[in-house]
Amino acid sequence: MPESRIAWTASDIAGVPLRRLVGRLGRIEVGFCEYDGSNRLWTWWSPLAEDVWGHAPSAEAAQQHCEIWLREWLENFRPFFERE
Numbered sequence: 001m002p003e004s005r006i007a008w009t010a011s012d013i014a015g016v017p018l019r020r021l022v023g024r025l026g027r028i029e030v031g032f033c034e035y036d037g038s039n040r041l042w043t044w045w046s047p048l049a050e051d052v053w054g055h056a057p058s059a060e061a062a063q064q065h066c067e068i069w070l071r072e073w074l075e076n077f078r079p080f081f082e083r084e
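Letter by letter, the sequence shown follows residues 1 to 84 in UniProt numbering.
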């Protein structure tokens with residue numbers, strides 16, 4: 001897989017770090033990864049589609065799954081941007 005173009009940053013509340021990462025392309029939030037302590041898995045999802053989410057054993061794997069989904073989803077829009 002190519003190097004990620006998504007910038008993942010940790011979230012915090014009042015300076016207290018959370019086990020939650022926000023993925024951005026520029027200023028646009030494209031993905032989230034958050035630790036689910038009850039299942040001991042990282043859950044990822046995207047604000048770009050309501051029914052898209054998944055689980056992974058690590059934060060890195062969750063980020064990769066989110067990016068793979070995003071690349072495949074964006075591929076559907078390629079014809080819109082191509083010139084004839």
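Don't be surprised by glycine CBs; every beta carbon is placed ideally from N, CA and C.
Keep in mind that this is a model prediction, so the values were computed, not measured.
Expected contact under 8 Å - CB spacing of residue i and residue j to nearest Å
i          : j           : result
proline 57 : leucine 70  : In fact, because the Cβ distance is near 20 Å, the residues do not count as touching under 8 Å.
leucine 21 : alanine 10  : 6 Å
alanine 7  : arginine 24 : 5 Å
Residue i - DSSP class collapsed to helix/strand/coil
i            : result
proline 17   : strand
glutamate 34 : strand
glutamate 50 : coil
arginine 27  : coil
Inter-residue Cα distance where the pair is residue i and residue j
i             : j           : result
arginine 19   : proline 79  : 38 Å
asparagine 76 : arginine 83 : 15 Å
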